[in-house]
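Below is one structure, written out as C-alpha cells; the observations come after it.
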Amino acid sequence: MMQSAIHETTPSLSPAGGTGTVFALVIGINNYPSTKGYTPLQGCVNDARAFEKYLLDPRSEGGLGVSPSNILVLENETATRANIMSSFRSHLLENPEIPDHGETTMILFYAGHGTRIEAPGNLISDDGMVEGIAPVDERTLDAAGNYVHAIPDYILGWLLWELYEKKGSNITVIFDSCFSGGLGRDEGKARRGQSISRPVPLDLDDYLWTGKGGTATSHEMWSPSAISHVLLAACRKDELAREITFSDDGLTHGRFTESLINTLRRIPLRDTTYLELLNRLPTWAEQTPVCGGSNRDRLVFNGNYPATGGRSIRLYTLPDPKDPNGPHSFHVDMGSVEGVVPGTEFAVHVGQDNRFVCALVAQSVLIHETTLVTAKANEMPTIPDYARVVVTDWKNPDMILHVHLAPDFPYTADVFPTTNLTRRPHKFVQATSPMSAGISLRAEGSEIIIQALTSTIMQCRRETRFKLDAHTPRLPVVLDGIAHFNYFLDRHHGSAPLNVALEMYRLAGEYPGRYPDPSVGNLVQNKEALLPSDPTAKYGFIIKNLSSVDLFPYLFYFNPEKYTISEWYTPPGNAGHPLKRGGEVTVGMGGENAFTFKLPEGETSSSGFLKLFVSTKFLDLRWLRQTTPFDLQFDVTARLDGDRETFEELVTWHALTVIITMNANRDSPDTDAAE
C-alpha cells in the first residue's frame with residue numbers, strides 16, 4: 001500500500017492540542033530477497049500499519065486524529081532506496097502544506113532491517129563501520145544497472161538537518177531495527193542483515209550537500225546531541241531489535257513498536273516528555289530502547305516544553321506503606337547532582353494552563369533522586385497524575401554570584417530593588433567591593449559594561465558590553481544567566497583527576513570523510529588551542545580515556561562574549577558508557593559535520609572555553625545549556641530541573657577546561673561574524 005498523492009490537507013488535532021498539524025512518512029519492509037544476505041521479516045509491515053492506525057485513530061480512541069492525506073506509507077516493494085529518498089523530500093522537506101519554520105509535527109517511522117556498512121577509507125568511526133537502514137532493493141541492481149546501496153546514518157542525518165532548517169524542530173524519528181551486533185538465538189527474530197553492506201561511495205549522495213554550508217552541528221543519525229530531531233530507537237547500537245508473535249492478535253510485531261504504540265495510546269501526551277515516554281517502555285534482554293537528541297525533554301510529538309517550563313519534571317506520589325491513608329511523600333528524579341539540597345523548595349503545577357497546586361520541600365536528597373514532603377506539616381493536597389514540579393528556591397548558597405556596582409551606576413534600583421520584591425530569589429547578591437565580587441557593572445552611555453573579576457574568564461575576556469535600551473528591569477534576569485555561566489565554567493574536582501584528554505585537530509578531506517590532518521597534529525597544548533583566522537578551516541575533537549574505568553563524557557562550549565553555553569557532545573542515555581577505558585570518542589569528524597571558528601567583526605583576537613566533564617555515572621547535563629542572557633527572549637526560569645552541578649557525591653568525576661583562541665593573520669582581512 002502506497003499513498004502516492006499528496007492532497008490538500010484538512011487540519012488535524014495536534015498531539016498537544018493545537019500547535020500544528022501532523023505529517024508522517026511510514027516505512028515497513030518484510031520482503032527482503034533472502035539471497036542478498038537478509039532474512040525475510042514478518043512483522044515490519046504490521047508495525048507500519050499499526051503505527052498508521054495509531055496516527056489515524058481519533059483522539060477519543062487514543063490516536064492522534066491525523067488526516068489520511070498527511071500520511072505517506074511505503075511498504076515492501078515500494079520502499080526502494082530511490083522512493084525513500086524522494087518521498088522524504090516530497091512529503092516532508094518540499095511539501096508546500098508544511099509551513100516553513102513552523103510547529104508542524106513531522107514523524108519518520110521505519111521498521112525493517114538495519115545494517116552495518118564498511119566505512120570508506122578515511123571515514124571516522126569506532127570500528128571502521130557506520131550504521132544504516134536497508135531499502136528493499138539494497139544489494140540489487142536498479143533499472144539502469146547500478147548497484148543499490150544501503151542508506152547510511154549520516155545521509156539520514158543530513159536530510160533531517162535540512163528538514164529542521166527549513167520546516168522546524170518538531171521532528172520525531174522512530175526506528176524499529178538493528179544497527180549492529182550479532183544475530184541472537186533467544187526469543188524472536190532479529191532485524192539485522194546477516195552480512196555487512198558494501199561501502200557507500202562518498203560521492204553517491206553528495207548532491208545533498210555540495211555547495212551548502214553548515215557547521216558545528218552533528219548530522220550523524222545516532223548523535224545524542226542532534227538538535228534537528230528526537231530519535232526513538234528499538235535498541236542500542238550493540239543490541240538486537242526483535243519481532244515476535246503476540247497472542248492477543250496472532251500477528252507478528254516488533255516488540256518495541258508494539259510496546260511504544262500501546263504506551264502512546266495510554267499516556268497523556270500533553271504532559272509527557274520523550275524521556276518520560278521512554279522510561280515507561282519495558283526493557284528486554286539484549287534490547288534496550290534508546291531516546292536521543294537534545295530536545296528529548298520536550299513533549300511527545302509537540303516540539304514545545306511542558307507548560308511549566310523547559311525543565312520541569314514529573315512528580316511521583318509515594319504512599320506510606322505502613323499507613324496508606326496517612327500523609328504521602330513524593331519523588332522526583334533529580335537530586336544533589338542538579339544542586340538540590342534539603343530544604344530546596346518546589347512548586348507543583350498541572351494541566352495545560354499550568355495551574356499551581358501546592359508547594360513541596362526536599363526532605364531526603366540522593367545523587368539522582370529526591371523525596372519531597374509538603375511544606376506544611378500533615379497537609380494532604382490532592383495532586384493529579386502527571387503533575388510536574390519546578391524549583392522555586394534552591395536554598396543553596398554555592399551558586400550565588402557577587403556583583404559590584406559602580407558608585408554612579410544608574411540602574412541600581414533595577415538590580416537591587418527595595419520595593420515590589422518578587423517571590424523568586426535571584427542567584428546574585430551585592431558585593432561591597434570589587435575584591436569580593438565575581439563581576440562589576442558600570443554604564444557608559446546606552447551600554448552596560450560587565451567587567452569579569454574571576455581568574456578564569458579574565459584569561460579570555462575582561463569586559464563585555466551590551467545594550468538593554470528601555471529594558472533595564474531585565475537586568476536581574478541577565479545576572480542570573482551570568483551566575484549560571486560563571487558557576488559551571490569554574491567547576492572542578494578537588495581530588496585526583498581521571499586520566500582523560502581532549503584533543504583538537506584541523507581536518508582534512510571532505511564530508512563525510514573528514515579526518516585529522518596528520519601534518520598539523522593535536523592543536524591543544526598546555527590546555528590551550530591557538531588557531532589562525534581561516535574561515536575555510538574545519539575542526540574536530542577527540543576525547544581520549546586513558547584511565548582504567550569506562551566513562552560518560554560531556555563536552556560544552558562557553559562563549560564569554562555572549563555568556564552562552566552550547567552542548568557539543570553528550571551521551572544518549574545511561575544504557576552504556578560510550579567512552580570505554582583505553583578508548584576514544586570523536587566529535588565533528590567523519591559522518592558528523594565539522595566545526596568552524598570565525599572572529600567577531602572588528603576584532604583581531606577572540607577566545608572561548610571548552611569544558612569537558614566525565615563521570616563514571618550517567619548524568620543528565622542538558623539543562624546546563626543556555627542562550628545569551630542579553631537576548632530579550634532569554635528566560636532563566638526555562639531552566640527548571642537543575643542550575644548547578646555539585647558532583648560531590650559521585651563516585652568518580654573530572655572536569656577539564658581548554659581555551660580556544662583565534663588570532664587574525666596579519667595579511668588576512670577576515671573578520672567575519674563569529675558562529
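Sequential numbering of the sequence shown, starting at 1, is according to UniProt numbering.
For each residue, glycine too, the CB sits at the ideal point set by N, CA and C.
Computed from a prediction, not measured in an experiment: that's the story for all the values here.
Legend entry - 8 angstroms Cβ shell around Glu648 - same chain, five flanking residues per side excluded: Note that Glu648 scores a pLDDT of 43, beneath 50, so its modelled location is shaky; the value from the coordinates is reported in the next line. If the five residues before and after Glu648 are omitted, its C-beta is found closer than 8 angstroms to the C-beta atoms of Ser336, all from its own chain and listed in chain order.
Legend entry - Cα-Cα separation, Asp206 to Phe246: 43 angstroms
Inset, instruction - Indicate whether Val173 and Ile117 have their beta-carbon atoms separated by less than 8 angstroms. - result: Not closer than 8 angstroms, so no.
Legend entry - Expected contact under 8 angstroms - CB spacing of Thr252 and Asn559 to nearest Å: In fact, because the Cβ distance is near 51 angstroms, the residues do not count as touching under 8 angstroms.
Legend entry - Alpha carbon of Phe466 to alpha carbon of Asp414, nearest angstrom: 16 angstroms
Legend entry - Lys544, enclosing alpha helix (DSSP H) - first and last residue: Note, Lys544: premise wrong, no alpha helix (DSSP H); beta strand (DSSP E) at Tyr539 to Asn545.
Inset, instruction - Would you kindly report the start and end of the unbroken beta strand (DSSP E) that includes Asn559? - result: Phe552 to Asn559
Legend entry - C-beta contact flag for Arg388 and Ser294 at 8 angstroms: no
Inset, instruction - Measure the CB-CB distance between Val365 and Val340 and report whether it falls below 8 angstroms. - result: yes
Inset, instruction - May I ask you to report which of helix, strand or coil DSSP gives Val549? - result: coil
Legend entry - Own chain, CB closer than 7 angstroms to Gly576, minus 5 neighbours either side, in chain order: Cβ within range, chain order: Arg236.
Legend entry - Straight-line gap, Leu232 to Leu108 (C-alpha atoms, nearest Å): The straight-line gap separating the alpha-carbon atoms of Leu232 and Leu108 is approximately 10 angstroms.
Inset, instruction - Would you mind reading off the limits of the beta strand (DSSP E) that contains Met106? - result: Run containing Met106: Thr105 to Ala111, per the beta strand (DSSP E) assignment.
Legend entry - Gly132 beta carbon less than 8 angstroms from that of Ala144: Going by C-beta atoms, Ala144 is not nearer than 8 angstroms to Gly132.
Legend entry - Closest by C-alpha distance to Asp248, when choosing among Leu240, Asn262 and Arg242: Out of Leu240, Asn262 and Arg242, Asn262 has the C-alpha closest to the C-alpha of Asp248.
Legend entry - Own chain, CB closer than 7 angstroms to Leu468, minus 5 neighbours either side, in chain order: Ile448, Arg474 and Leu475
Legend entry - Reduced DSSP category for Lys166 - H, G, I as helix; E, B as strand; rest coil: helix
Inset, instruction - Enumerate in chain order the residues of its own chain whose CB-to-CB distance from Asn76 is below 8 angstroms, with the five nearest sequence positions on each side excluded. - result: Gly28, Ile29, Asn30, Asn31, Val45 and Val136
Inset, instruction - Could you check what DSSP says for Glu584 in three-state terms: helix, strand or coil? - result: strand
Inset, instruction - Would you tell me roughly how many angstroms separate the C-alpha atoms of Phe409 and Pro600, rounded to the nearest one? - result: 28 angstroms
Legend entry - First through last residue of the beta strand (DSSP E) which encompasses Lys467: Glu463 to Lys467
Inset, instruction - Have a look at Ala347 and Phe356 and give me their C-alpha separation to the nearest angstrom. - result: 7 angstroms
Legend entry - Cα-Cα separation, Val290 to Leu240: 12 angstroms
Legend entry - Euclidean distance between Cα positions of Glu138 and Pro40: Here the C-alpha atom of Glu138 lies approximately 13 angstroms from the C-alpha atom of Pro40.
Inset, instruction - Can you give me the start and stop residues for the alpha helix (DSSP H) that Cys358 sits inside? - result: Counting along the chain, Cys358 falls outside any alpha helix (DSSP H), though it belongs to the beta strand (DSSP E) covering Arg355 to Val365.
Inset, instruction - With a threshold of 16 other CB atoms inside 10 Å of the CB of Ser223, please say whether the residue is buried or exposed. - result: Note that Ser223 scores 48 on pLDDT, short of 50, meaning its location in the model is unreliable; the coordinates nonetheless yield the value given after this. Buried, since its Cβ has 16 or more Cβ neighbours within 10 Å.
Inset, instruction - Check whether the Cβ atoms of Glu463 and Ile482 sit closer than 8 angstroms, and answer yes or no. - result: No, the pair does not count as a contact, with Cβ atoms beyond the cut-off.
Legend entry - Best match in Thr412, Val130, Leu405 and Leu25 for proximity to Ile155 [C-alpha to C-alpha]: Val130
Inset, instruction - Check whether the Cβ atoms of Glu103 and Gly168 lie closer than 8 angstroms to each other. - result: yes
Inset, instruction - Figure out for me which residue from Leu441, Val230 and Val478 has the closest Cα to the Cα of Leu632. - result: Val478
Inset, instruction - For Met435, count neighbouring Cβ atoms within 10 angstroms of its own Cβ and tell me buried if that reaches 16, exposed if not. - result: exposed
Inset, instruction - Compare the Cα-Cα distances from Pro535 to each of Phe618, Phe597, Lys617 and Ala111 and report the closest residue. - result: Phe597
Legend entry - Other residues of its chain near Ala285: CB distance less than 6 angstroms, five sequence neighbours each side excluded: none
Legend entry - Residue interval of the beta strand (DSSP E) (run including Ser607): Ser605 to Ser615
Legend entry - Rounded separation between Val26 and Glu52 - CA only: 7 angstroms
Inset, instruction - Taking only runs that begin and end inside the region 245–301, name each unbroken beta strand (DSSP E) of 3 or more residues, in chain order. - result: 252–254 and 290–292
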